[in-house]
Amino acid sequence: MLEENSGQSAPARELVCIICPRGCQLSVQENPDGSLAVHGNACPRGQTYAIKELTAPSRTLTTTVRIKSAALPVVPVKSQAEIPKAKLFEAMQQISHLVLTAPVKRGSVALTDLAGTGISLIVTRDMERV
Amino acid sequence: MKAVKQLRDCYDVLIIGGGPAGLAAARAAWNDGARQVLIIERDSVPGGILNQCIHNGFGLHYFHEELTGPEYAGRCLDELADTGVELLLNTMVLSLDELPQEPGREALGGLLPEPVQESLSPDLLTGRPPHRVFAASPELGSVCIKSRAVILAMGCRERSRGAIQIPGTRPAGVLTAGAAQRYVNLEGWQIGRRVVILGSGDIGLIMARRLTLEGARVLACVELMPYSSGLLRNLVQCLDDFGIPLLLSHTVTDIRGRRRLTGVTVSQVDENRQPVSGSEQDFDCDALLLSVGLLPENELTRAAHIPLDPRTRGAYVYENMETASAGVFACGNVAHVHDLVDYVSEESQRAGQAAAAYARGQGISGRAIPIQHGSGILYTVPQSIHIKAAGDGQADRDAAYNLFFRVTRPQQQVRIALYDGDRCLKRWTKPSVAPGEMERLKLPQTLLKDCGSGSLTLTLEHPAVKEATANA
Amino acid sequence: MFDCTIIGCGITGAAAAYLLSHYDLKLLVLEASNDVANGSTKANSAILHAGFDPEPGSLMARANVRGVEMAAEICRRLDVPRLNCGALVLAFSPDDLHTIRELYARGLANAVPGLRLLSAVEARQLEPYLADTVTGALLAPSSSIVDPWEYALAMTETAVKNGLVLALGRGVREIKLPDAAAGKDYFELTDSQGQRHQSRYVINAAGVHSDQVHAMIGGHNFRIHPVRGQYFLLDKNAGHTCRHTLFQCPTAAGKGVLVSPTVHGNLIIGPDAEAVADPDNTATTAEALEYVRRMALRSLNNIPFGENIRNFAGVRAQSDRPDFIVEASPQSPRFINLAGIKSPGLSAAPAIAEMALDLLAQAGLALKRRADYDDSRRRIRFRYLTPAQQSELIAADPRYGHVVCRCETITEGEIVAALHGPVPPRSLDAVKRHCNAGSGRCQGSFCGPRIHEIIARELGLPYDAVTQNEDGSYIVTEPTKGNSDKGVTV
Numbered sequence: 001m002l003e004e005n006s007g008q009s010a011p012a013r014e015l016v017c018i019i020c021p022r023g024c025q026l027s028v029q030e031n032p033d034g035s036l037a038v039h040g041n042a043c044p045r046g047q048t049y050a051i052k053e054l055t056a057p058s059r060t061l062t063t064t065v066r067i068k069s070a071a072l073p074v075v076p077v078k079s080q081a082e083i084p085k086a087k088l089f090e091a092m093q094q095i096s097h098l099v100l101t102a103p104v105k106r107g108s109v110a111l112t113d114l115a116g117t118g119i120s121l122i123v124t125r126d127m128e129r130v
Numbered sequence: 001m002k003a004v005k006q007l008r009d010c011y012d013v014l015i016i017g018g019g020p021a022g023l024a025a026a027r028a029a030w031n032d033g034a035r036q037v038l039i040i041e042r043d044s045v046p047g048g049i050l051n052q053c054i055h056n057g058f059g060l061h062y063f064h065e066e067l068t069g070p071e072y073a074g075r076c077l078d079e080l081a082d083t084g085v086e087l088l089l090n091t092m093v094l095s096l097d098e099l100p101q102e103p104g105r106e107a108l109g110g111l112l113p114e115p116v117q118e119s120l121s122p123d124l125l126t127g128r129p130p131h132r133v134f135a136a137s138p139e140l141g142s143v144c145i146k147s148r149a150v151i152l153a154m155g156c157r158e159r160s161r162g163a164i165q166i167p168g169t170r171p172a173g174v175l176t177a178g179a180a181q182r183y184v185n186l187e188g189w190q191i192g193r194r195v196v197i198l199g200s201g202d203i204g205l206i207m208a209r210r211l212t213l214e215g216a217r218v219l220a221c222v223e224l225m226p227y228s229s230g231l232l233r234n235l236v237q238c239l240d241d242f243g244i245p246l247l248l249s250h251t252v253t254d255i256r257g258r259r260r261l262t263g264v265t266v267s268q269v270d271e272n273r274q275p276v277s278g279s280e281q282d283f284d285c286d287a288l289l290l291s292v293g294l295l296p297e298n299e300l301t302r303a304a305h306i307p308l309d310p311r312t313r314g315a316y317v318y319e320n321m322e323t324a325s326a327g328v329f330a331c332g333n334v335a336h337v338h339d340l341v342d343y344v345s346e347e348s349q350r351a352g353q354a355a356a357a358y359a360r361g362q363g364i365s366g367r368a369i370p371i372q373h374g375s376g377i378l379y380t381v382p383q384s385i386h387i388k389a390a391g392d393g394q395a396d397r398d399a400a401y402n403l404f405f406r407v408t409r410p411q412q413q414v415r416i417a418l419y420d421g422d423r424c425l426k427r428w429t430k431p432s433v434a435p436g437e438m439e440r441l442k443l444p445q446t447l448l449k450d451c452g453s454g455s456l457t458l459t460l461e462h463p464a465v466k467e468a469t470a471n472a
Numbered sequence: 001m002f003d004c005t006i007i008g009c010g011i012t013g014a015a016a017a018y019l020l021s022h023y024d025l026k027l028l029v030l031e032a033s034n035d036v037a038n039g040s041t042k043a044n045s046a047i048l049h050a051g052f053d054p055e056p057g058s059l060m061a062r063a064n065v066r067g068v069e070m071a072a073e074i075c076r077r078l079d080v081p082r083l084n085c086g087a088l089v090l091a092f093s094p095d096d097l098h099t100i101r102e103l104y105a106r107g108l109a110n111a112v113p114g115l116r117l118l119s120a121v122e123a124r125q126l127e128p129y130l131a132d133t134v135t136g137a138l139l140a141p142s143s144s145i146v147d148p149w150e151y152a153l154a155m156t157e158t159a160v161k162n163g164l165v166l167a168l169g170r171g172v173r174e175i176k177l178p179d180a181a182a183g184k185d186y187f188e189l190t191d192s193q194g195q196r197h198q199s200r201y202v203i204n205a206a207g208v209h210s211d212q213v214h215a216m217i218g219g220h221n222f223r224i225h226p227v228r229g230q231y232f233l234l235d236k237n238a239g240h241t242c243r244h245t246l247f248q249c250p251t252a253a254g255k256g257v258l259v260s261p262t263v264h265g266n267l268i269i270g271p272d273a274e275a276v277a278d279p280d281n282t283a284t285t286a287e288a289l290e291y292v293r294r295m296a297l298r299s300l301n302n303i304p305f306g307e308n309i310r311n312f313a314g315v316r317a318q319s320d321r322p323d324f325i326v327e328a329s330p331q332s333p334r335f336i337n338l339a340g341i342k343s344p345g346l347s348a349a350p351a352i353a354e355m356a357l358d359l360l361a362q363a364g365l366a367l368k369r370r371a372d373y374d375d376s377r378r379r380i381r382f383r384y385l386t387p388a389q390q391s392e393l394i395a396a397d398p399r400y401g402h403v404v405c406r407c408e409t410i411t412e413g414e415i416v417a418a419l420h421g422p423v424p425p426r427s428l429d430a431v432k433r434h435c436n437a438g439s440g441r442c443q444g445s446f447c448g449p450r451i452h453e454i455i456a457r458e459l460g461l462p463y464d465a466v467t468q469n470e471d472g473s474y475i476v477t478e479p480t481k482g483n484s485d486k487g488v489t490v
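These protein sequence lines are chains A, B and C, in that order. Read in my numbering, the first sequence has 60 at position 60, and its numbers run on one by one without any break. Read in my numbering, the second sequence has 430 at position 430, and its numbers run on one by one without any break. Read in my numbering, the third sequence has 82 at position 82, and its numbers run on one by one without any break.
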C-alpha cells in the first residue's frame with residue numbers, strides 16, 4: 001500500500017478489485033505528482049489492478065470456438081492474458097470466424113494474435129475426434 | 001484412472017458424482033491408501049458443471065492459479081491420471097442401501113412385481129455390512145454395487161420458476177441460468193436476443209456477460225434483495241463493464257407471451273419483499289433467465305433416510321464430512337452450496353481421506369458436540385464435531401477443525417464468537433460479512449479440548465453487543 | 001370421405017375417438033394443438049370423482065358415475081396410472097356438516113358406492129394432519145386419481161393403432177353443412193392449413209372453443225363462459241402430506257380448493273374459479289395463487305409450499321347451461337355437440353362418448369363392431385421395474401440404461417419409444433406429457449437441453465425447430481458465432 005497523502009483535492013475513485021473472489025473495495029487518489037495512491041487492497045495485486053483499471057483497463061476473455069469432428073459443436077477458449085477491455089467485441093468478432101477441428105488439447109493455441117493485441121487464444125478443454 | 005470393465009466384489013470407497021467434489025475425494029482416498037475406489041458419473045464425461053462454466057476465476061486457492069471451469073476439471077483429472085481410481089460413466093445411481101422405491105408405483109396397481117432385497121453380513125474391516133448402491137448403466141445394466149464407504153458428491157441443482165412462484169403465462173424463453181449456460185456454452189446456441197436476468201447470484205451475472213459477448217442485449221439484472229448475492233468482482237466485470245443495470249429490491253411480477261416470451265413486468269419490493277404497486281416497469285424481452293438459488297441434490301440421501309439439515313438442505317455432517325449413517329460421507333455442493341469450487345475440492349479431500357480411513361476400520365472417535373447457531377448465523381458445516389479426549393494421542397496440537405458458515409444478513413465490522421456454554425472460547429473480527437459469501441474458520445483442536453458444556457455456539461456480535469456481554 | 005370427424009382431442013374427443021374406433025368406421029380427429037390433451041385436459045385436478053356432487057337425475061350425475069366405472073376398466077386395459085385413493089369432503093362449521101349430509105344423500109341418489117359420514121376424530125385417523133378446525137367429513141372411497149394426459153393419450157393411441165387418422169396442428173376454420181340439393185351428403189371441413197375433409201358425421205369436442213366451432217354451422221344455442229382455475233404442484237417430497245383427495249365443503253362463497261396426491265406421487269393444490277374473457281388465458285396471477293394457498297391451508301396446516309415445483313392454470317369449458325351439453329345440433333342431427341364439459345368432465349368423458357355414439361346411431365350411423373380390434377397398450381416404465389427386469393431391458397436396448405430425466409428416472413429408451421409411438425410428441429412439453437421426462441422437481445432445467453437433442457435426432461428436425469410446447473414456442477434463436485459458416489478454418 002502506498003503512503004497516505006494529505007491535502008488532496010481530487011476526489012477518490014472507488015473500485016472493487018476483481019483479481020480474486022475476495023473483492024476488496026479499493027479507493028484510489030491521484031497524488032500531486034500524478035501518481036496514484038491505492039487504499040483498501042489486501043494484497044499487492046490490488047494496487048496493480050487499481051492503477052491498470054484507471055489507466056488501461058483489461059480483461060481475460062473467455063468464450064467458445066466452433067469445432068468440427070468433436071462430440072460438441074463448440075470448444076471453450078480463453079485469452080492467454082488480459083486484453084484491453086475496449087477490444088473485447090473486436091476479439092469476439094474475430095473468434096466468430098474461427099473453426100477448429102478435433103482433436104484439440106487443453107492449452108493448445110487456437111489463434112495467435114487476438115484483435116491485434118499479440119495475445120493468443122488458448123483452448124481450455126481437451127476434445128477428442130469423433 | 002481407468003474405465004470399469006468389470007465391477008469388483010466390494011469397493012473401499014464408492015463416490016457418487018464425478019464433478020469437482022467426487023474427483024477431489026477420489027484423489028484423497030487413493031492418497032490415503034484406498035485401492036478400490038470407484039467414481040460413478042451420470043454424464044458421458046467427468047467434470048460435472050465445470051464443463052459448462054467456461055469463465056475464469058477458479059483455482060486460485062486450490063491450484064494457486066487462475067483457471068477456467070474446464071481447465072479446473074482437467075487439472076482434477078490430471079491429478080487422478082497416475083492412480084488406479086476407476087470411473088464408471090453414463091451411470092445413474094438410483095438408490096443407496098434401500099431398493100429403489102418410486103412414489104406413484106401403486107397407481108399401476110398389481111401389475112408390477114415387488115423386488116426382493118437380500119441382507120448382507122458384516123464386513124471384516126469396518127464391522128458393519130457394506131453399503132449398497134443401486135445403479136443403471138447402458139453397459140452394465142441395473143446393478144447393485146457394494147462398498148465399505150460411500151461418498152455423496154452429487155452436487156446441486158437450480159431452483160426453478162415454481163420455487164419462486166412468478167405469475168404469468170408459461171411461454172418458451174423462461175429458463176434457468178444453468179440451462180441457458182448449457183445451451184450457449186456446450187450446444188453453441190443462443191437462447192434469446194433481449195434478455196432479463198432475475199437473480200444476481202454468480203451464475204446470473206456470468207451469464208449476463210456471456211450472452212452480451214455473444215450478441216444479445218441484457219436489459220437488466222433484477223435482484224429481490226437489497227444487496228447482490230454474487231461476488232463483487234462479478235458485479236464489476238459482468239454488469240458494470242457492459243453497462244447492464246442492476247435493480248436491487250426488485251423482482252419479476254408478471255411474465256407475458258403465449259408461445260415465446262414477449263415481455264416481463266419488474267416491480268420494486270418493500271422491506272417484506274412484497275411488490276410495491278405503482279412501481280411496475282415493463283421490459284420487452286424474449287428471454288428471462290432465472291438465477292434464484294441452488295439446492296443440494298439430496299433425493300438419494302433422503303430416500304436412504306440419512307438426516308438432512310433444513311438450513312443447508314444437505315446431510316448433517318461431522319468434521320470428517322461423515323453423515324449420520326456410518327460410512328456415508330457427503331461433500332461439495334450436495335452437503336451445502338459453496339461459492340468457490342476451491343473450497344469444494346478442499347472439503348472433498350477431507351471426505352475422501354475420512355472415507356479411506358473408515359474403509360480400513362479406522363472410524364472417527366471422540367465425543368460428538370453439536371454447534372448451535374447463535375444470532376446472525378444461518379448454518380455451519382460441520383453441524384457437529386468430535387472432541388478428542390484430553391491426553392488422546394489424536395489431539396494433535398497443530399490439528400484444526402475447518403468450519404464453514406453463512407450469515408443471515410450482510411453486516412459490517414462484526415465479531416464472530418464461539419461459546420462453550422456461557423464461556424467465550426474465541427473471537428474473530430471481520431470487516432464485513434454477507435449471506436452470499438461463505439465464511440471459513442479454523443478451530444484449533446487445542447481450543448476445544450476442554451470443552452465441557454456439551455454444546456458449542458457460534459454467534460455474530462457487533463462490537464456494542466460484545467461490550468454488553470462483557471458487562472453482564 | 002370419413003364416416004365421422006371429431007373436432008378436438010382433449011379427454012372428451014379422445015374418449016369418443018377410442019369408443020368409435022371399436023367400430024368399422026373411417027375416423028378423423030382434427031386437433032388445433034400440436035399434441036393431444038393440450039387444453040383443459042392437461043390442466044385440471046386429475047380426479048375421477050365419486051359422483052356425489054352432481055344434481056341427481058342430471059346428465060352430469062349419470063355420466064359421472066358411469067364414466068368412472070368405465071375409466072377403471074379403460075385404465076386397467078390401456079396401462080394408465082390410476083389410484084383409488086378415496087376422497088374426504090371436509091366440514092368446518094355446523095352449516096358445512098349440514099351440507100355434507102346433503103352431499104351424502106345426493107351421493108346415495110346417484111348410486112355412489114361406500115359413502116360414509118365421519119366424525120372429526122375418524123377423519124383425523126385417516127388424515128393425521130387435518131387442520132384443527134375440521135369438524136367432520138364425508139368419505140367417498142371410490143374417488144380416484146388418474147394421469148389425465150396419459151388417459152387421453154392412451155385412448156387416442158389405441159384409436160390411432162386401429163386406423164383412426166389423427167391430424168395434429170389442424171384446427172377447424174370452416175365447416176359446410178351437408179347440402180342434399182347439391183348432392184353433398186357430407187360435411188366439408190376446412191382445417192387451419194387449408195386442407196378440406198369430407199365427413200358424414202361430426203363430433204364437436206372442441207372444449208373451450210366448442211361454441212365457436214358450433215357457430216361455423218350457424219349453431220348458437222349455447223355459449224362457453226370460460227372459467228380459469230389456478231394450481232400449485234408440489235414436489236414428491238410433499239406427496240405424503242395427505243393420502244386422500246381432500247375437498248372442502250362447498251359454500252355460498254365457492255367450491256373451496258382441494259389438496260390431493262397425484263398418481264406420480266406429487267401433491268396438487270387448487271383450483272380457484274375466475275371467469276375470463278379469453279378461453280386461452282391460462283396465465284397465473286399472484287392474487288389467485290395467494291387465494292389458493294390460503295384456502296388450502298384451511299384443510300391442512302402443514303402444506304410445504306416451499307416444495308412447489310410448478311404453478312399452472314387451466315380453463316374449464318363452462319357453458320351457459322347448468323348441465324353438460326350432449327346433443328345433436330339443431331342445425332343437423334349428424335353434428336353432435338359435446339360441450340360445456342366442465343368438472344367432472346374428466347370423470348364423465350367415456351360415458352359422454354358412449355352417449356355420443358347413441359346419438360350418432362340415432363342419426364343413422366351404422367355401428368358395426370370390429371373383430372380385429374387391438375385393445376391393448378403397454379408402456380415401459382423403467383423406474384417401476386425390478387433390477388432384474390431393468391437389466392433384461394438394458395441388455396436388449398442399452399438406451400434404457402441411460403437415465404435422461406434424473407428427477408423422474410426416465411430413460412432415453414422411454415423417450416425414444418414415445419417419439420416413435422402412435423402419437424409422437426413433437427415438443428419438450430409433449431415429451432413430458434407422454435413419458436414424464438422433465439416433469440420432476442427441476443422442471444427440465446437439467447434434462448431439457450438433452451431431451452431437445454433427442455427430439456431433434458429422432459424426428460429428424462433441425463435443432464432450432466424443436467419447441468417448448470405449441471408451434472412457435474421456439475427455444476433457441478440462432479447459433480452462437482453466427483459468422484462461422486463463412487469463416488476461416490485454422
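Note that beta-carbon positions come from the ideal geometry of N, C-alpha and C, so glycine has one too. Note that the structure is predicted; figures quoted are calculated from it, not measured.
- Message: Pop quiz: B:THR457 and B:GLY374 are said to be a contact at Cβ under 8 Å. What is the actual Cβ separation, rounded to whole angstroms?
- Response: About 5 Å separates the two Cβ atoms, so the contact holds.
- Query: Taking buried to mean at least 16 other C-beta atoms within 10 Å of its own C-beta, is B:THR212 buried or exposed?
  - Reply: buried
- State the DSSP-derived secondary structure class of B:ARG8, mapped to helix, strand or coil. coil
- Considering only C-alpha positions, which residue in the set C:CYS85, C:THR411, C:PRO113 and C:ASP358 is nearest to C:ILE380? Checked all of C:CYS85, C:THR411, C:PRO113 and C:ASP358; the closest Cα to C:ILE380 is C:THR411.
- Query: Do the region 51 to 62 of chain C and the region 392 to 409 of chain C meet, that is, are 3 or more Cβ pairs less than 8 Å apart?
  - Reply: Short answer: they don't touch.
- Alpha carbon to alpha carbon, how far is A:CYS17 from A:CYS24? Give it in angstroms, no decimals. 5 Å
- First through last residue of the alpha helix (DSSP H) which encompasses B:VAL266: No alpha helix (DSSP H) contains B:VAL266, which is instead part of the beta strand (DSSP E) from 263 to 268.
- Item | Pairwise C-alpha distance: A:GLU82 and C:ILE268 | 52 Å
- Query: Would you say C:ALA123 and C:LEU130 are within 7 Å of each other, going by their C-beta atoms?
  - Reply: yes
- Task: Please specify which runs of the beta strand (DSSP E), each continuous and at least 3 residues long, are wholly inside the region 325 to 362 of chain B, giving them in chain order.
- Result: 328 to 330
- Simplified DSSP assignment, three categories, for C:PRO479: strand
- Task: Determine which residues share a DSSP beta bridge with B:ARG194 and list them.
- Result: According to DSSP, B:ARG194 bridges with B:ARG217.
- Message: Check whether chain C comes within 7 Å of A:SER96, counting only Cβ atoms and requiring the distance to be less than that.
- Response: yes
- Of all Cβ atoms in chain A, is any one closer than 7 Å to the Cβ of B:THR68? Judged by the 7 Å Cβ criterion, B:THR68 is in contact with chain A.
- Task: Would you mind reading off the limits of the alpha helix (DSSP H) that contains B:TYR316?
- Result: Neither: B:TYR316 is in no alpha helix (DSSP H) and is coded neither H nor E.
- Message: On the criterion of 16 or more Cβ atoms from any shown chain inside 10 Å, does B:ARG182 qualify as buried, or is it exposed?
- Response: Answer is buried; the Cβ neighbour count reaches 16.
- Message: For a cutoff of 7 Å on Cβ pairs, would you count C:LYS481 as touching chain A?
- Response: So yes, C:LYS481 belongs to the interface.
- From B:VAL337, B:LEU88 and B:TYR62, pick the residue whose C-alpha is nearest to that of B:GLU79; which is it? That would be B:TYR62, whose Cα lies nearest to the Cα of B:GLU79.
- Message: With H, G and I counted as helix, E and B as strand and the rest as coil, what does DSSP make of A:SER58?
- Response: strand
- For C:CYS21, count neighbouring Cβ atoms within 10 angstroms of its own Cβ and tell me buried if that reaches 16, exposed if not. Looking at the sequence provided, one finds Ser at residue 21 of chain C rather than Cys. By the neighbour-count rule (16 or more Cβ atoms within 10 Å), C:SER21 is buried.
- Message: Please classify C:HIS49 as buried or exposed, where buried requires at least 16 neighbouring CB atoms within 10 angstroms.
- Response: buried
- Whole angstroms is fine: what's the gap from A:LYS87's alpha carbon to A:SER120's? 14 Å
- Item | Bounding residues of the alpha helix (DSSP H) (the contiguous stretch that carries B:ASN185) | 177 to 185
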